[in-house]
Amino acid sequence: MSNESAVNERAESLASQAKACVERRELQKAYQLAKEALSLAPQNSNVQSVIAKLQQSDSNSQILPLCRSYLWSKKVEDGETASQYLKKKEHIPFGDVEELATLFFDQAGATRRASVPETSPLLDELSAALLANNHAIRVEFATRFSKKYAVGDPTRLFRLFYARGEKSFNALEQTIIDESIWSSTEQYKAAKRDAFLLSLSKLLEPAVEHAEWVMLFVTRLLSTHAEDLRQQPQLRWPTLLTSDNFEIVLMWLDIRAPVTVRAQATLATTRFLEEMKEDGKGEETVHNFIRDQVAKTHNDDLIIAFSAATTCFPLCPQTVTKLFLTPGFLEGLVPTLQKNAYGHGSGGKSHKLEKASLDLMSAACIDKACREAIRKQCSDWLDDIANTHEEEEYASLAALILSKIGQQEVTAESSGVVANYEGLPSMLMNMTVNSTSNAAKASSIEGLAYTSLKGKVKEEIIANTRVLDELVKVLKTGSPSDPAVFGILTIFANVTAYRPVLTEEQKKMSQLKSYANSSKPTPDDPLDDDAQVTIRCKKVIDAGLVPAIASQPVKTMSAIGLNQFAMILNSLAREQKSRGILAQQGAVKMLSQILDRLQGTGAAHEGPYRVASHALARILISVNPAHVFSAVLPAASAIRPLNALLKQDVDAEIRDLLPTFESLLALTNLASTDDDSLREAVIRTTWQDLEDLLLARNELVQRAAVELVCNLVASPQGVMKFADGSPQANNRLHILLALADVEDLATRRAAGGALAMLTEWDKAAEAVLKKDRGVKILLQMCEDTDEMKHRGVVSLLNLVSVPDDQAVEKAVSIIKEEEGVEILKDMLRGTRDQQILSLGVELLKKILKPGSEKKLISG
1 MSNESAVNER
11 AESLASQAKA
21 CVERRELQKA
31 YQLAKEALSL
41 APQNSNVQSV
51 IAKLQQSDSN
61 SQILPLCRSY
71 LWSKKVEDGE
81 TASQYLKKKE
91 HIPFGDVEEL
101 ATLFFDQAGA
111 TRRASVPETS
121 PLLDELSAAL
131 LANNHAIRVE
141 FATRFSKKYA
151 VGDPTRLFRL
161 FYARGEKSFN
171 ALEQTIIDES
181 IWSSTEQYKA
191 AKRDAFLLSL
201 SKLLEPAVEH
211 AEWVMLFVTR
221 LLSTHAEDLR
231 QQPQLRWPTL
241 LTSDNFEIVL
251 MWLDIRAPVT
261 VRAQATLATT
271 RFLEEMKEDG
281 KGEETVHNFI
291 RDQVAKTHND
301 DLIIAFSAAT
311 TCFPLCPQTV
321 TKLFLTPGFL
331 EGLVPTLQKN
341 AYGHGSGGKS
351 HKLEKASLDL
361 MSAACIDKAC
371 REAIRKQCSD
381 WLDDIANTHE
391 EEEYASLAAL
401 ILSKIGQQEV
411 TAESSGVVAN
421 YEGLPSMLMN
431 MTVNSTSNAA
441 KASSIEGLAY
451 TSLKGKVKEE
461 IIANTRVLDE
471 LVKVLKTGSP
481 SDPAVFGILT
491 IFANVTAYRP
501 VLTEEQKKMS
511 QLKSYANSSK
521 PTPDDPLDDD
531 AQVTIRCKKV
541 IDAGLVPAIA
551 SQPVKTMSAI
561 GLNQFAMILN
571 SLAREQKSRG
581 ILAQQGAVKM
591 LSQILDRLQG
601 TGAAHEGPYR
611 VASHALARIL
621 ISVNPAHVFS
631 AVLPAASAIR
641 PLNALLKQDV
651 DAEIRDLLPT
661 FESLLALTNL
671 ASTDDDSLRE
681 AVIRTTWQDL
691 EDLLLARNEL
701 VQRAAVELVC
711 NLVASPQGVM
721 KFADGSPQAN
731 NRLHILLALA
741 DVEDLATRRA
751 AGGALAMLTE
761 WDKAAEAVLK
771 KDRGVKILLQ
781 MCEDTDEMKH
791 RGVVSLLNLV
801 SVPDDQAVEK
811 AVSIIKEEEG
821 VEILKDMLRG
831 TRDQQILSLG
841 VELLKKILKP
851 GSEKKLISG
C-alpha cells in the first residue's frame with residue numbers, strides 16, 4: 001500500500017469515528033477527530049462531509065459572538081455571559097475553535113482586542129473557563145505551546161496566562177499535564193519540561209509577585225511527573241533535576257518569603273532530595289548552598305542560609321548537623337547576633353536574622369550534640385532574648401529552645417546552666433496566657449510541652465487555672481494542623497499520664513540496665529504517683545478538656561494527634577468516678593470516631609487503636625449502654641475495638657492483661673442489656689478469643705471471661721454454643737462445669753449462673769446429664785454459699801423438668817446415686833432464703849413421692 005493510500009485510509013477512519021460522535025452528540029471528540037482527518041486529507045469527500053455535519057450542528061452557539069463583543073467592544077455583560085456558558089461546558093462550534101484560540105492565545109488576537117487590559121479579572125475568568133472546560137480549545141493551546149508552532153511560544157503563553165491571573169494560570173497548569181491533548185508523548189514530556197524551566201525562571205525574577213503559583217506548579221511536577229524531568233538522553237539537557245535548579249528552590253525557603261511559598265518550597269525541597277538521593281547530589285547541593293551563603297557574611301545571605309538549614313535539618317540531619325557543628329560557627333554566631341542587635345552587623349540591624357537564628361537553633365535541637373553545643377555557646381544569649389526582647393514571638397521562641405536544651409542530661413559541665421531553667425516553666429506559662437501573637441503563643445506552648453515532662457511542672461500547670469483555661473480555649477478554636485494544638489495535646493498527655501505498671505521481671509531488667517550503664521536507677525518522682533495523677537486528671541476534666549477535644553475534626557487529624565487524644569482519654573477514664581462525666585461530655589462518640597478513622601487507615605491492630613479501644617472499654621464498664629448509644633451511634637459499633645483487646649498485642653514483649661480484663665468487663669456490660677441482637681453480635685465477633693480466655697491463667701481475666709459467657713447464654717445463639725450436640729459444644733460444657741468447681745467464688749458464681757440459664761433448654765439439660773460429673777457438680781453448688789445454692793437448685797430443677805420422661809428418670813436416678821437427697825436436705829436446713837426453700841421443696845417433690853419431702857425436712 002502506497003503512503004498516500006495509507007493516509008487516505010487513516011483519514012477515512014477518523015471521519016467515520018467523527019461522524020459517529022456527532023450522532024451521539026459527543027461534539028468535542030468529533031471536532032478533535034475531524035480536525036486530524038482534515039489535516040491528513042483536506043480534499044477527501046467523507047472528511048468534508050463530516051466537517052459540514054459539525055458546522056450544521058454548531059449553528060446556534062453564541063460563545064464566539066459574545067467573546068468578540070467583550071474583547072472588541074468592552075461589553076462586560078457579554079463577557080460574563082460567555083463565561084457562564086463555558087462553565088456549563090457548552091459545546092464550541094467546530095468553525096469557532098480556531099478563531100477563539102486566536103483571540104485568546106495569539107499575538108494577533110491581542111492586537112485586535114487592545115481595548116481590554118491583560119490584567120482584567122473578567123478576562124482572567126473567561127480565559128480560565130475557556131481552557132478548563134473545552135477539550136478542543138486545549139488541543140489548540142497544546143498546538144501553540146509546542147515549539148513547532150512558533151519559536152518562543154511556550155515562554156509567551158506561560159507569561160501571558162501568568163499575567164492574566166491565578167485562575168488562568170491554574171487552567172494552564174491543568175492543561176499542560178493533560179496527556180490527552182498532546183499529539184505525541186514526546187510533545188507531552190517536552191511541554192512539562194518547558195513549564196518546569198519557565199516556572200523556575202519566574203522564581204528568579206526580582207520582586208516576583210504570586211510566587212506561590214509557580215512554586216506550587218514546580219512541586220506538582222516534581223511530585224507526579226519527576227520521571228519526565230529526569231534523564232532524557234536524547235535531549236540537550238538530559239536532566240532538569242540539577243543542583244542549579246535545586247538552589248532556586250532553596251532560596252525560597254527564606255523566612256521573609258510568604259508562608260504559602262515557603263510551604264510549597266519545603267515540599268519541593270523534599271522531592272528534590274528524594275529524586276537526587278541515588279547519587280547523593282541532593283544533600284551535596286544543600287551542603288554547598290548553605291556553606292556558600294554563610295561565607296558571604298551579609299545579613300541577607302545569612303538569613304537565607306539559616307532558613308534553608310532550618311527546613312533541611314529534619315530532611316537531611318547528618319548533612320546540616322555537620323555544618324552546624326563546624327568549628328567556629330556557633331562560637332561566632334552569638335557575637336554576630338549581638339552586634340546585629342545594635343546595628344553593627346554586616347548589613348545593619350536585622351530582627352529577621354535573629355529570627356532565622358532562633359529557628360535554626362530550635363530545629364537543631366533534634367540532635368543531642370547540637371543541643372549540647374547550643375547549651376554551651378548560646379544559653380546566655382537565649383536567656384536574654386527570652387526575658388528582654390521587644391518581640392514576643394522572639395522571646396517565646398528563645399524560651400522554647402531553652403526548654404528543649406533543658407531536657408538534656410545534666411553533666412558536671414552543664415549543671416550551672418540547668419540551674420537557670422527553674423523559672424522557665426513560669427515564664428512559658430505567662431507567655432502562653434499573655435501572648436497576642438499566634439506564632440509566639442505556639443512557641444510558648446511547645447516549650448511548655450517540653451518542660452511538662454517533669455512532675456513539678458505538671459503540678460504548676462494544673463494549679464494555674466488561667467493557663468488551663470487558655471490551653472482549652474486554643475484547643476477549641478485551633479485546627480489539627482495548628483502547631484499550638486499539637487503542643488497542647490502533648491502537655492495534657494504528659495500531665496495525665498500514669499506511670500507504667502511494671503512486672504517484677506521488667507523491674508529487674510530496668511535495674512540490670514542501670515548497672516550495665518554504671519548508673520543508679522532513677523528514683524520515681526512522687527509527683528507522678530497514681531494518687532497525684534488522679535487528682536490532675538480530675539482537674540483536667542473540670543477544666544473542660546473533653547468537650548474541647550470533641551470539637552476537633554477527627555477526619556483531618558494526623559495519626560500522632562489521634563494517638564494523643566486516645567492516650568489522654570485513656571488516662572482520664574482510669575478513675576471509675578470520672579467515667580460517667582466523660583460519657584456525658586461526648587468521650588464515647590469521640591473515641592468511636594477516632595477508632596473509625598484508625599480502622600480506615602489500616603491501623604486497627606496498632607498501638608493507637610489499642611489505646612483508644614482501652615479508653616472506650618474503661619468508660620463502658622461503668623455506664624449504662626442505653627445512656628451513651630443510639631440509632632446514630634449503635635452499641636454494636638463498640639464490639640470490634642473491644643474485641644481487639646482480647647487478642648495478644650504483637651508489639652508487646654510482655655502481655656498486659658489489664659486492657660483484656662477491662663474489655664471483658666465492658667463487653668459483659670453490653671451483654672447485660674435486653675437486646676438479644678447485641679448479645680449475638682458480641683458472640684459473632686468475640687467468641688473465638690473469649691473461648692481461649694476461659695482457660696486463662698490469670699484469675700481475674702478468667703473470672704471476667706466466665707461472667708461474659710454468663711450474660712451471653714441469655715440469648716439462643718449463646719445457648720447453642722453449648723447445646724448444639726457438636727464435639728465443640730460438648731467440650732465447652734465440660735469446661736463450664738469445671739469452672740463451677742474452681743476455687744474462686746466469683747468464677748464459680750458466674751459459671752453456676754450460666755449453667756442455671758443453659759439448663760432451661762432441654763438440649764443443654766440433656767447434655768449435662770450425659771457428663772460424668774455433671775449432676776455431682778450441680779449438687780456441690782447446693783453445698784456452697786446461698787448464691788451458689790440458688791444456682792445449683794435451679795439447674796437441678798431444670799434437669800428433672802424436661803419433657804422427656806426417660807431423661808427425668810435418669811436425672812432422678814443420678815441425683816439419688818450421688819446422695820443428692822441428703823445434700824438437698826442439708827441445704828434446706830441451712831438456709832433462710834425463701835426462694836431457695838421454695839425451689840428446694842419443688843425439687844424434692846419431683847424426686848420423691850408426694851409428702852415425703854416434709855418428713856425429710858423435719859427429720
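Going letter by letter, the sequence shown gives residues 1 to 859 in full-length UniProt numbering.
By construction, the Cβ of each residue, glycine as well, lies at the ideal position given by its N, Cα and C atoms.
Three or more beta-carbon pairs separated by less than 8 Å are not found between the stretch 647–654 and the stretch 692–711, which leaves the two stretches without contact. Residue 629 carries a coil assignment under DSSP once its states are collapsed to helix, strand and coil. DSSP, read as helix, strand or coil, puts residue 331 in helix. Residue 535 and residue 459 have their C-alpha atoms spaced approximately 10 Å apart. The Cβ atoms of residue 315 and residue 242 do not sit closer than 8 Å to each other. A distance below 8 Å separates the beta carbons of residue 495 and residue 461. Counting along the chain, no alpha helix (DSSP H) covers residue 576, and no H or E run does either. Residue nearest to residue 100 within the set 74, 120, 78 and 140 is 140 (criterion: CA-CA distance). Residues 790 of the same chain have their beta carbon placed closer than 8 Å to that of residue 835, with the five preceding and five following residues left out of the count. Taking the Cα positions, residue 528 is about 38 Å away from residue 673. In this chain, the alpha helix (DSSP H) harbouring residue 140 covers 135–145. Taking 8 Å as the cut-off, the Cβ atoms of residue 211 and residue 261 count as close. With at least 16 other beta carbons inside 10 angstroms of its own, residue 711 counts as buried.
DSSP places residue 282 within a helical segment (H, G or I) once states are collapsed to three. Setting aside the 5 residues that flank it on each side, residue 192 is surrounded in the same chain by 176, 177, 221, 225, 228 and 229, each with a C-beta closer than 8 Å to its C-beta; the list follows chain order. Put simply, the backbone Cα of residue 137 is about 7 Å away from that of residue 130. In the DSSP assignment, residue 69 falls within the unbroken alpha helix (DSSP H) covering 63–73. Across the set 550, 600 and 821, the C-alpha of 821 shows the shortest separation from the C-alpha of residue 780. In the three-state reduction of the DSSP assignment, residue 748 falls in the helix class. The beta carbon of residue 296 is closer than 6 Å to none in its chain, skipping five residues each way along the sequence. DSSP places residue 715 outside both helix and strand once states are collapsed to three, so it counts as coil. The Cβ-Cβ distance between residue 694 and residue 706 falls below 8 Å. Residue range 465–477 is occupied by the alpha helix (DSSP H) that includes residue 474.
Relative to the Cα of residue 805, the nearest Cα in the group 788, 847, 772 and 832 belongs to 847. DSSP, read as helix, strand or coil, puts residue 125 in helix.
Boundaries of the alpha helix (DSSP H) around residue 835: 834–847. Taken in chain order, the unbroken stretches of alpha helix (DSSP H) that lie wholly in the stretch 740–789 and span 4 residues or more are 745–758, 762–770 and 774–781.
DSSP, read as helix, strand or coil, puts residue 523 in coil. Considering only 157, 11, 320 and 238, the residue with the shortest C-alpha distance to residue 44 is 11. Judged by DSSP secondary structure, residue 454 falls outside any alpha helix (DSSP H); it is assigned neither H nor E.
For residue 69, same chain residues with a beta-carbon under 7 Å away, outside a window of 5 residues either side, are 75 and 78 in chain order.
Residue 388 and residue 401 have their alpha carbons spaced roughly 15 Å apart. Each of 24, 36, 622 and 3 was checked against the Cα of residue 13, and the nearest Cα belongs to 36. As the crow flies, the alpha-carbon of residue 810 is around 37 Å from that of residue 664.
DSSP places residue 677 inside the alpha helix (DSSP H), whose first and last residues are 676–693.
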